[in-house]
Amino acid sequence: MSRYAIAIVAFLLAAIIGGFYAGRTYLAADTPKSTATEVYSSRPAGEKTTASVPPLQPAKPANNEAGSPTENEKKNTGENNGGDKKNQASNSPSLSLSNERHGWGIKRNDNHQQPEMPKAIRDTLARYDAYWIGSPEEKVLYLTFDEGYENGYTPKILDILKANNVKAAFFVTGHYLKTQPELVKRMVAEGHIVGNHTMNHPSLPEISDEEIRKELQSVEELFTSLTGKKMKYLRPPKGEYSERTLAVTRQLGYYNIFWSLALVDWVPMPGGPQEAYQSVMDNLHNGAVILLHAVSRDNTEALDRILKDARARGYTFKTLDDLVAKKA
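If you count the sequence shown from 1, you need to add 12 to reach my numbering.
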């Protein structure tokens with residue numbers, strides 16, 4: 013074979029091999045890759061939650077027109093989804109505020125002292141009238157329950173509260189209102205506060221201003237239709253918030269209520285009711301906002317002892333109305 017023919021064959025082979033590898037490289041680059049990671053949020057009593065983070069969205073083109081809103085800005089102003097503009101900047105305080113998601117967490121102190129909280133967080137909460145603790149000078153406790161669904165214990169909890177003449181706050185979801193209207197009416201009739209825990213229990217920093225409004229107003233409409241009362245207290249689902257969500261919910265008329273004492277009580281405790289009792293009593297402090305979940309048998313069985321023994325130690329129980337009025 014001539015050298016000319018050999019050169020032609022070599023050229024053709026190189027072209028074929030190069031095309032093959034180029035195709036493999038293109039296909040590999042076009043194959044989706046999982047970028048899910050886990051996010052850990054600080055929680056009271058050692059609670060740790062995980063959430064899957066979706067793949068990052070592609071960066072916006074550099075030639076985006078000056079002043080043109082990004083997709084996130086559109087989401088928070090209601091301009092997405094068919095041009096819905098109910099939540100434009102004129103109605104929203106949130107456009108210039110941070111939407112960094114924070115998971116609620118506290119650092120406990122020994123000897124029944126109030127938990128520690130960084131000044132920056134305390135200042136942000138105060139700016140938007142959010143509460144998590146009362147006065148360090150008064151032996152006052154504020155008892156709250158979260159109600160996502162009924163597990164059969166709320167009637168007994170209400171009986172115990174009535175027998176001890178203690179008023180509490182119950183934060184209910186839309187599901188709870190729809191499925192337990194008689195219990196909600198009983199809460200109101202017996203002098204308890206019923207607060208908003210949202211319709212679907214979303215992480216508020218992950219939804220738009222307009223979606224937050226719908227989450228809260230849907231619950232309040234159900235509650236008002238059922239009881240004739242209004243709502244003014246909000247427990248953010250999972251304790252997750254951002255400066256944006258604090259501002260938006262405050263503009264809607266709500267006080268965000270966090271907590272300074274809580275248990276991992278939505279699952280059975282290894283030590284049963286005695287562990288629930290001891291965990292609360294060991295961490296009582298002046299101004300404590302106590303969060304319990306009403307789905308817990310352990311909490312329910314321990315509740316009467318907690319109320320009686322807290323009073324024996326000199327504590328009194330007051331309501332969220334007292335807490336807000338005290339700091340107003």
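C-beta: ideal position from N, C-alpha, C; glycine also.
Please classify residue i as buried or exposed, where buried requires at least 16 other C-beta atoms within 10 Å of its C-beta.
| i | result |
| --- | --- |
| S215 | buried |
| A337 | exposed |
| E159 | buried |
| N121 | exposed |
| V279 | exposed |
| T236 | exposed |
| A274 | buried |
| I248 | The question names Ile, but residue 248 is Pro in the sequence shown. Classification for P248: buried. |
| G240 | exposed |
| T210 | buried |
| D310 | buried |
| P70 | Confidence at P70 is low in this model, with a pLDDT of 30, below 50, so the placement of that residue is unreliable and no value is reported for it. |
| E222 | buried |
| A181 | buried |
What would DSSP say about residue i, mapped onto helix, strand or coil?
| i | result |
| --- | --- |
| P66 | Unreliable placement is indicated for P66, whose pLDDT of 29 sits below 50; the coordinate value is still reported in the next sentence. If DSSP states are grouped into helix, strand and coil, P66 belongs with coil. |
| H124 | coil |
| F270 | coil |
| T257 | helix |
| T239 | helix |
| D141 | coil |
| L296 | coil |
| T156 | strand |
| G115 | strand |
| N163 | coil |
| Y327 | coil |
| E252 | strand |
| G207 | strand |
| L234 | helix |
| L275 | coil |
| T61 | Here the model assigns T61 a pLDDT of 32, short of 50, so the residue's position is not dependable and the matter cannot be decided. |
| L303 | strand |
| A41 | Any reading at A41 must be qualified, since the residue scores a pLDDT of 31, below 50, and its modelled position is unreliable; the value itself is stated next. A41 falls in the helix class under three-state DSSP. |
| L246 | strand |
Is residue i near the ligand ATP, going by C-beta to nearest heavy atom under 8 Å?
| i | result |
| --- | --- |
| N176 | Looking at this structure, you won't find the ligand ATP or any other ligand, since it has none at all. |
For the alpha helix (DSSP H) containing residue i, name the first residue and the last one.
| i | result |
| --- | --- |
| K197 | P193 to A201 |
| V178 | Unbroken run through V178: none, as it is neither H nor E. |
| D333 | L332 to K339 |
Assuming residue i contacts residue j under a Cβ cut-off of 8 Å, what Cβ separation, rounded to an integer in Å, is found between them?
| i | j | result |
| --- | --- | --- |
| T156 | L303 | 6 Å |
| I269 | L246 | 7 Å |
| N208 | Y161 | So it is not a contact: roughly 16 Å between Cβ atoms. |
| V206 | V178 | About 16 Å; that fails the 8 Å criterion. |
| E252 | P217 | 6 Å |
| E186 | V231 | Residue identity differs from the one stated: residue 186 is Gly in this sequence, not Glu. So it is a contact: roughly 5 Å between Cβ atoms. |
| H124 | L296 | 6 Å |
| A140 | L258 | One point to set straight first is that residue 140 is Tyr, not Ala, in the sequence displayed. 4 Å between Cβ atoms; contact. |
| I169 | A306 | 6 Å |
| N111 | R256 | 4 Å |
| K151 | Y327 | 5 Å |
Grab the span of the beta strand (DSSP E) containing residue i for me, first residue to last.
| i | result |
| --- | --- |
| I219 | Note, I219: premise wrong, no beta strand (DSSP E); not H, not E. |
| N311 | Careful: N311 lies outside any beta strand (DSSP E), inside the alpha helix (DSSP H) at R309 to A324. |
* To do: Pair every Cβ in the region 107–117 with every Cβ in the region 280–299, then say whether three or more of these pairs are closer than 8 Å.
  => no
* To do: Specify whether the region 226–242 and the region 307–325 touch according to this definition: at least 3 beta carbon pairs, one from each stretch, less than 8 Å apart.
  => no
* Can at least three beta-carbon pairs, one atom from the region 134–147 and one from the region 280–288, be found at a separation below 8 Å? -> no
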